[in-house]
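Step one of this worksheet: look at the structure below.
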Amino acid sequence: MGDRLPALLKDSALTALMAAALGLFIVGFQTRDIGQGLFFDYQFVDLGIAVVTIFFGRLGLHLAAMGLKWPSFALGTVLGAVGASPLKMPSTFLHWFVVIAGVLIILRTIWPWANAALAKARHSERGRAMGQRGAKWFGAILLIAAVLLPFTPFADQKNMDLAVLILTYVMLGWGLNIVVGLAGLLDLGYVAFYAVGAYSYALLSTQFGLNFWTVLPLAGMFAATFGLLLGFPVLRLRGDYLAIVTMGFGEIIRLVLLNWVDLSNGPAGIGGIPGPTLFGAVFAETAPPGQQTFAQMMNIPFSSNQRLIYLYYIILLLALVTNFFTQRIRRLPVGRAWEALREDETACKALGINPTNTKLTAFAVGAMFAGFAGSFFAAKQRFISPESFTFIESAIILSIVVLGGMGSQIGVVLAAVLLIGLPEWFRDLGAYRMIVFGLAMVLIMVFRPRGLIAHREPSVRLHPVRAGP
Amino acid sequence: MAYFTQQLINAVTLGAIYGLIAIGYTMVYGIIGMINFAHGDIFMIGAFISLIGFMICALLGISSAPAAILFVLLLSMVFTAVYGWTIERTAYRPLRGSFKLAPLISAIGVSILLENYVQLAQGARPKPAGSVVQGGYNLFRADGFDVRVTWLQIIIVVVTVVLMAGFSWVIAATSLGRQQRACEQDMKMAALLGVDVDRTISLTFVMGSALAAVAGMLFLMYYGVVDFFIGFLAGIKAFTAAVLGGIGSLPGAMLGGLLIGLIEVFWAGYFSSEYKDVAVFAILVLVLIFRPSGLLGKPEIEKV
Numbered sequence: 001m002g003d004r005l006p007a008l009l010k011d012s013a014l015t016a017l018m019a020a021a022l023g024l025f026i027v028g029f030q031t032r033d034i035g036q037g038l039f040f041d042y043q044f045v046d047l048g049i050a051v052v053t054i055f056f057g058r059l060g061l062h063l064a065a066m067g068l069k070w071p072s073f074a075l076g077t078v079l080g081a082v083g084a085s086p087l088k089m090p091s092t093f094l095h096w097f098v099v100i101a102g103v104l105i106i107l108r109t110i111w112p113w114a115n116a117a118l119a120k121a122r123h124s125e126r127g128r129a130m131g132q133r134g135a136k137w138f139g140a141i142l143l144i145a146a147v148l149l150p151f152t153p154f155a156d157q158k159n160m161d162l163a164v165l166i167l168t169y170v171m172l173g174w175g176l177n178i179v180v181g182l183a184g185l186l187d188l189g190y191v192a193f194y195a196v197g198a199y200s201y202a203l204l205s206t207q208f209g210l211n212f213w214t215v216l217p218l219a220g221m222f223a224a225t226f227g228l229l230l231g232f233p234v235l236r237l238r239g240d241y242l243a244i245v246t247m248g249f250g251e252i253i254r255l256v257l258l259n260w261v262d263l264s265n266g267p268a269g270i271g272g273i274p275g276p277t278l279f280g281a282v283f284a285e286t287a288p289p290g291q292q293t294f295a296q297m298m299n300i301p302f303s304s305n306q307r308l309i310y311l312y313y314i315i316l317l318l319a320l321v322t323n324f325f326t327q328r329i330r331r332l333p334v335g336r337a338w339e340a341l342r343e344d345e346t347a348c349k350a351l352g353i354n355p356t357n358t359k360l361t362a363f364a365v366g367a368m369f370a371g372f373a374g375s376f377f378a379a380k381q382r383f384i385s386p387e388s389f390t391f392i393e394s395a396i397i398l399s400i401v402v403l404g405g406m407g408s409q410i411g412v413v414l415a416a417v418l419l420i421g422l423p424e425w426f427r428d429l430g431a432y433r434m435i436v437f438g439l440a441m442v443l444i445m446v447f448r449p450r451g452l453i454a455h456r457e458p459s460v461r462l463h464p465v466r467a468g469p
Numbered sequence: 001m002a003y004f005t006q007q008l009i010n011a012v013t014l015g016a017i018y019g020l021i022a023i024g025y026t027m028v029y030g031i032i033g034m035i036n037f038a039h040g041d042i043f044m045i046g047a048f049i050s051l052i053g054f055m056i057c058a059l060l061g062i063s064s065a066p067a068a069i070l071f072v073l074l075l076s077m078v079f080t081a082v083y084g085w086t087i088e089r090t091a092y093r094p095l096r097g098s099f100k101l102a103p104l105i106s107a108i109g110v111s112i113l114l115e116n117y118v119q120l121a122q123g124a125r126p127k128p129a130g131s132v133v134q135g136g137y138n139l140f141r142a143d144g145f146d147v148r149v150t151w152l153q154i155i156i157v158v159v160t161v162v163l164m165a166g167f168s169w170v171i172a173a174t175s176l177g178r179q180q181r182a183c184e185q186d187m188k189m190a191a192l193l194g195v196d197v198d199r200t201i202s203l204t205f206v207m208g209s210a211l212a213a214v215a216g217m218l219f220l221m222y223y224g225v226v227d228f229f230i231g232f233l234a235g236i237k238a239f240t241a242a243v244l245g246g247i248g249s250l251p252g253a254m255l256g257g258l259l260i261g262l263i264e265v266f267w268a269g270y271f272s273s274e275y276k277d278v279a280v281f282a283i284l285v286l287v288l289i290f291r292p293s294g295l296l297g298k299p300e301i302e303k304v
């Protein structure tokens, strides 16, 4: 390795130099606004530590890639120890940065072994059988756990709130999965339909006094109609154009909601939205005249948890309906046409499938589920404003689908827990959450373009697959 | 009439800035067929580096405006180009040959990453910048209204025109430009004939980013304020300009930028400024539906 060391050092130094050039102005000179103009707050020590870490990190990754286990392992351990040590650094972020660099090197060092062991386990007869059984049971176990969750000791206010949030994203992810995963249409404006659903419920309930269960199907219909209206002109476009146009539509809807004050109350939003009822019973301490509370109906003492648990079961039900619908429609001709269209549009045309109509159904069905989720969101929050429906929301839903593996249902669940749940549990990460988000999207595309759980298997095969040699 | 002329002057200035950003979209699309969603954020980085550059000028005591502008222009172009190069190298190049939506998704990731990186490093609040060039020239007076063109507007248009001319020359007459056009037509064939495709694509990103940096500097001087989110809207408008002019066509990007500037300024001037962004988005949608190849573009035939 002696003769290759200079080349490695040179490459690592170049990487560090690039990092220094990238960070020099944006990180090095922090601009501070102190009343009478901007002033510099120099951060060169931070930048220097980061650049040195990048140098050693790159070197360690090179060593690991060359199979030099012990030097790279040692380097990783040293970096990890330095990062975790009580050594004084300008910010906690840098501690994390150094630790993560160390951990990455160690992971890269053991990666070939782990990978080989995994591949061996997967290819062995027993491993394959276990994998199949595991996949079958994993979903069932997850479902049972989800149904029983409110009765476990974990079901305090905070966790239930989080569970409702995660399930909302799971549902949105499953809805978008129909559009992106099955039909292969990149929709960057999915949040528009979510907004349509939310505003449908907010307006119909506050203006006309309709209750949640009446509005739910209506909200789905409105959103689907919007999907049809928007989809009809644009679905003839090619993939990446479609993405930009849907994003444009998402922004148009948000801007209209923001500016059409007579309809939507503009940036101030709509408040006082009633929550969902159960057989006419409301979930509150005291019922409005002519209605009774859930506690009175069941003759049990009131607890604020009841409302959360009820919301939890509604969103769980809605999500499961979405999932069930998707699983079944994949077996129908239209579902098969979606998947065929995703794989090869030209071939589909040649076979007599009308691409525009087929895409339109996927678009409208996806929009409908977003509408359901939207009206649930309005009922849960009791207050909505255009703030909740920005482009970043669409990007989050899309990254859940992409991270999960486009077309995989269980992957969406895993990704939603990962992307929504983890940042909530680790509150300190808050500010860095979106950075990790963007980074994850890039890294997944680079290293695992098929997502965590790749499911690109056709739903139906003409001939059963033969066992491999 | 006076109002109209004044709006026209403002529109041409804005259109020049959009045109500079649009060139980056059009070149990258022409050569590798991807929409570089992060390009708007590269423009934002350029604006931030310019802001810091102007502050450094003030610290160093460079008081002459032309010297300061030239210094900041070079600084911002070079360091923004490093961003363009790095992004292409790390986030897009490994995806060449992956499935067709992969680069776009990766680009969205880069865009989110850049916005939040700048927000963390520089703070979320808008940053005000002092004006570097003041004063202007009153063209004529009509209807009790002075029609005025500021020196800054003249600088913006002149810088843009000079860069456009230089850039068109690079594409038309240098060996780098020939290589770029060759890659645009047929990447595999170009590689077989000895063109270093990777290097050409990298340089395309570098050039596009440098132009975006210029646009960022001009934007900063024109509006006097930047924040981490300016790239999103400016990026979409510039993309609309590129599509309107015909994506892949350089004169098209310029023309599209000018048209978008006109539409935006006149819409805000004569109808309502709240819906000016809606007007731009609507134009994007209408162009893509009725004339997806744009005004100056060639229709694309999908090959199997």
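Residue numbers (our numbering), protein chains in the order written: chain A, 1 to 469; chain B, 1 to 304. Ideal placement from N, C-alpha and C gives every residue a C-beta, glycine not left out.
Sequence-distant residues of the same chain with beta carbon closer than 6 Å to residue i, five excluded per side
i, result
"residue 223 of chain A", "193, 196, 197, 367, 368, 370, 371"
"residue 249 of chain B", "296, 297"
"residue 335 of chain A", "329"
Beta-carbon separation (whole angstroms), residue i vs residue j, contact threshold 8 Å
i, j, result
"residue 288 of chain B", "residue 237 of chain A", "6 Å"
"residue 260 of chain A", "residue 412 of chain A", "Not really, about 33 Å apart at Cβ, beyond 8 Å."
"residue 203 of chain B", "residue 176 of chain B", "6 Å"
"residue 180 of chain A", "residue 403 of chain A", "Not quite, the Cβ-Cβ distance comes to about 12 Å (not below 8 Å), so this is no contact."
Local conformation of residue i per DSSP, three classes
i, result
"residue 244 of chain A", "helix"
"residue 271 of chain A", "coil"
"residue 138 of chain B", "strand"
"residue 277 of chain A", "coil"
"residue 257 of chain A", "helix"
"residue 89 of chain B", "helix"
"residue 194 of chain A", "helix"
"residue 298 of chain B", "coil"
Min CB distance residue i to chain B below 8 Å
i, result
"residue 13 of chain A", "no"
"residue 449 of chain A", "yes"
"residue 471 of chain A", "For chain A, the structure presents residues 1 to 469; residue 471 of chain A sits outside this window and is missing."
"residue 89 of chain A", "no"
"residue 416 of chain A", "no"
"residue 18 of chain A", "yes"
"residue 244 of chain A", "yes"
Listed by chain order, chain B residues near residue i by CB distance under 8 Å
i, result
"residue 371 of chain A", "Result: empty, since nearest Cβ-Cβ is about 21 Å, beyond 8 Å."
"residue 233 of chain A", "285, 289"
Contacting residues, own chain, Cβ-Cβ under 8 Å from residue i (five flanking each side not counted)
i, result
"residue 304 of chain B", "Its pLDDT being 49, under 50, residue 304 of chain B is placed unreliably in this model, and the value from its coordinates should be taken loosely. Excluding positions up to five away in sequence, the list is empty."
"residue 468 of chain A", "The pLDDT assigned to residue 468 of chain A is 46, lower than 50, so where the model puts this residue is not dependable; a value taken from the coordinates is nonetheless given after this. Cβ within range, chain order: n/a, list empty."
Chain A residues whose Cβ lies nearer than 9 Å to that of residue i
i, result
"residue 277 of chain B", "251, 252, 255"
"residue 292 of chain B", "236, 237, 238, 241"
Within chain A, partners of residue i - CB distance below 8 Å
i, result
"residue 55 of chain B", "29, 31, 38, 40"
"residue 106 of chain B", "441, 442, 445, 446"
"residue 49 of chain B", "25, 26"
Beta carbon proximity, residue i to chain A, threshold 8 Å
i, result
"residue 96 of chain B", "no"
"residue 270 of chain B", "no"
"residue 120 of chain B", "yes"
"residue 199 of chain B", "no"
"residue 86 of chain B", "yes"
"residue 67 of chain B", "no"
"residue 43 of chain B", "no"
"residue 239 of chain B", "yes"
"residue 113 of chain B", "yes"
Contacts that residue i makes with chain B (C-beta to C-beta distance below 7 Å)
i, result
"residue 259 of chain A", "274, 275"
Partners in chain A for residue i, counting only beta-carbon separations shorter than 7 Å
i, result
"residue 116 of chain B", "434, 435, 438"
"residue 125 of chain B", "33"
"residue 110 of chain B", "438, 442"
"residue 83 of chain B", "22"
"residue 102 of chain B", "445, 449"
"residue 99 of chain B", "449"
Amino acids of chain B, ordered along the chain, whose beta-carbon sits closer than 9 Å to that of residue i
i, result
"residue 316 of chain A", "Neighbours of residue 316 of chain A on chain B: none; closest Cβ ~29 Å, over 9 Å."
"residue 452 of chain A", "The premise fails here: residue 452 of chain A is roughly 14 Å from chain B at the closest Cβ pair, so nothing lies under 9 Å."
Same chain, Cβ closer than 7 Å to residue i, neighbours up to 5 away in sequence not counted
i, result
"residue 45 of chain A", "90"
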